[in-house]
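Undergrad: Residues in the sequence shown are numbered consecutively from 688, following the working numbering.
Glycine included, C-beta positions come from ideal geometry on N, C-alpha and C.
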Amino acid sequence: MCHHNLIDENSVLEVIATSSPGRPDSSAISDKIAEIRENKISRYEPLIKPEGGLTYTGFSDHDFARQLDILRSLQRLGIVREEPFDYIRKCSRCDHHGMVVKVACPVCCSTNTDQGKVIEHLACGNTDLESRFQTDEGRLVCPKCKKKLKAIGVDYVKPGSYCSCLSCKALSPEGRMQFICLNCGSSLAKEEMKLEPLAAYVIDQEAVAKYFDSTGFQFHLSIVEALRSLGIKAEHRAAVTGSSQVPHTFDIVGYSGENLEPAVAIEIEKSGEPVDPESLLNFLARCLDAKVERKIFVGVPGFSDEAKKLAGAHGIEIVESDGSNPKEIADKIASGMPERVPDQQLEQMIESMREAVEEQEIQRDEVDVESVSLEKMLRTIISSPKDEESAQEES
Ligand SMILES: [Zn+2]
Ligand SMILES: [Zn+2]
Ligand SMILES: [Zn+2]
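(1) Run the CB neighbour count on Glu948, radius 10 Å, all protein chains shown included, and call it buried at 16 or more, exposed below.
(2) For Cys850, count neighbouring C-beta atoms within 10 Å of its own C-beta (all shown protein chains included) and say buried if the count is 16 or more, exposed if not.
(3) Tell me whether Val933 is buried or exposed, calling it buried when 16 or more other Cβ atoms sit within 10 Å of its Cβ.
(4) With respect to 8 Å, is the separation between the Cβ of Lys845 and the closest non-hydrogen atom of ligand 2 below this value?
(5) Straight-line CA distance for Ile919 to Ala1017?
(6) Threshold first: 4 residues or longer. Then list the alpha helix (DSSP H) segments lying entirely within the region 954-1034, N to C.
(7) Ordered along the chain, which non-local residues of its own chain (more than five positions away) have a Cβ less than 7 Å from that of Ser873?
(8) Give the range of the beta strand (DSSP E) segment to which Glu769 is assigned.
(9) So what does DSSP say about Ala857, is it helix, strand or coil?
(10) Using C-beta distances below 8 Å, list every residue in its chain close to Gly903, excluding the 5 sequence neighbours before and after it, in chain order.
(11) Given the structure, does Ser854 come close to ligand 1, in the sense that its CB is under 8 Å from one of the ligand's heavy atoms?
(12) Just how far apart, CA to CA, sit Val844 and Lys833?
(13) Do you know how far the Cα of Phe984 is from the Cα of Glu945?
(14) Would you call the CB atoms of His935 and Leu971 closer than 9 Å?
(15) Between Pro733 and Asp801, what straight-line distance do the alpha-carbon atoms span, to the nearest angstrom?
(16) Taking the alpha carbon of Glu980 as the reference point, which residue from Pro964, Ile1003, Glu912 has its own alpha carbon closest?
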């Protein structure tokens, strides 16, 4: 097991470049690492779901095999370290985890058995289930010799829990456990079941920090934090579901409006080369499908001339940066965002609007007030002149 904190950069690139079927794609891996950082996750542990099956903590999808794939990819990156956690038993024929336990009589193999504490009456040697010694008066009487029992340890003992067969009437100290697979119906003895070790995955926070530095995620996060400090709701590596129902992940998504709708998608590309039109086209296609109004592409350090032309033609705002000043970028993004109206202020506004509409209703009964869109009026009030300017610029 590898314990070193250093990330092999080649393996980072390899895993990120991997998108072969059956393996988690690179964005699933980087999203998971972003999530570890954002939610301060320290370990992943396997759990049995109440509805059956297994899942790791901290995963919203419930495909256990895929979760394991992601965790193992993270392990190859040195982000997590495997730790022995538990063993489970599963069906050796079909690998299913769901089992029903039956107790078979070791004498006749019937599973029509009961299990219970037994009493051995020392005076006559009768051993039987405790329930068969109990009388209606709440006393203990031997069903064989009919004598009353006196005291435990004196004239009787309780040797433990026995398996009582209802078919052959045998009483055996131990029943034979049979496990019936709920998927294929196989009946297996304990030793016939397949053992599966379950691992927990412990996160190496230092490796996560290094990953953030090497991938530029740290820079993304600093922009997100700067946006948040400006009062803008922003998420790192957030997905917006497009009209094609495909979720598109952007480096940063900024939200605005009453329902905090995705309002701006931000992509950040850091490389030695100027950003080329291809990257912009890919971003543009995702923005169009996701119906995000504002599209911002940050190039570190800059863009090719063709890329600039393309951006101008398609309303993509481009920001050139040397990658050292996240605050400056956040300010540029924020300058085009609608002013955030505090909830309380908004409520007061709605209230006064309602009153105004009601007044109108009283004054001019014949006017169809329904046609006055409260929302439309509100929007006019809330949006600052700045937005209108930038909206005009875009069109
Ligand atoms: Zn039996
Ligand atoms: Zn007896
Ligand atoms: Zn099975």
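TA: So, to answer that:
(1) As a working mapping, residue 948 is identified with position 261 in the sequence shown. The residue is exposed, with fewer than 16 neighbouring Cβ atoms inside 10 Å.
(2) Taking the first residue of the sequence shown as position 1, residue 850 is located at position 163. It is buried - the Cβ of Cys850 has at least 16 other Cβ atoms within 10 Å.
(3) Here residue 933 refers to the residue found at position 246 when the sequence shown is read from its first residue. Val933 should be labelled exposed.
(4) The residue you call residue 845 lines up with position 158 of the sequence shown. Not under cutoff, so the answer is no.
(5) Stepping through the sequence shown from its first residue, residue 919 is reached at position 232. Stepping through the sequence shown from its first residue, residue 1017 is reached at position 330. Roughly 10 Å between the two C-alpha positions.
(6) 964-977, 992-1000, 1013-1022
(7) If you number the sequence shown from 1, residue 873 lands on position 186. Within the same chain, Ser873 has close Cβ partners Cys778, Arg780.
(8) Here residue 769 refers to the residue found at position 82 when the sequence shown is read from its first residue. Per DSSP, Glu769 belongs to the beta strand (DSSP E) from 767-777.
(9) In the sequence shown, residue 857 corresponds to position 170, counting from 1. Three-state result, Ala857: coil.
(10) On the sequence shown, residue 903 is found 216 positions in, with the first residue counted as 1. Correct list, in chain order: Ile955, Lys957, Val987, Gly1010.
(11) For the purposes of this step, residue 854 is identified with residue 167 of the sequence shown, where counting begins at 1. The answer is yes for Ser854.
(12) The residue given as residue 844 occupies position 157 in the sequence shown. The residue given as residue 833 occupies position 146 in the sequence shown. Roughly 17 Å between the two C-alpha positions.
(13) Counting from 1 along the sequence shown, the entry for residue 945 is found at position 258. Counting from 1 along the sequence shown, the entry for residue 984 is found at position 297. It is roughly 25 Å from the alpha-carbon of Glu945 to the alpha-carbon of Phe984.
(14) Along the sequence shown, one-based indexing puts residue 935 at 248. Along the sequence shown, one-based indexing puts residue 971 at 284. Going by C-beta atoms, His935 is not nearer than 9 Å to Leu971.
(15) By 1-based counting over the sequence shown, the position of residue 733 is 46. By 1-based counting over the sequence shown, the position of residue 801 is 114. The straight-line gap separating the alpha-carbon atoms of Pro733 and Asp801 is approximately 34 Å.
(16) Walking along the sequence shown from the start, residue 980 turns up at place 293. The candidate whose alpha carbon is nearest that of Glu980 is Ile1003.
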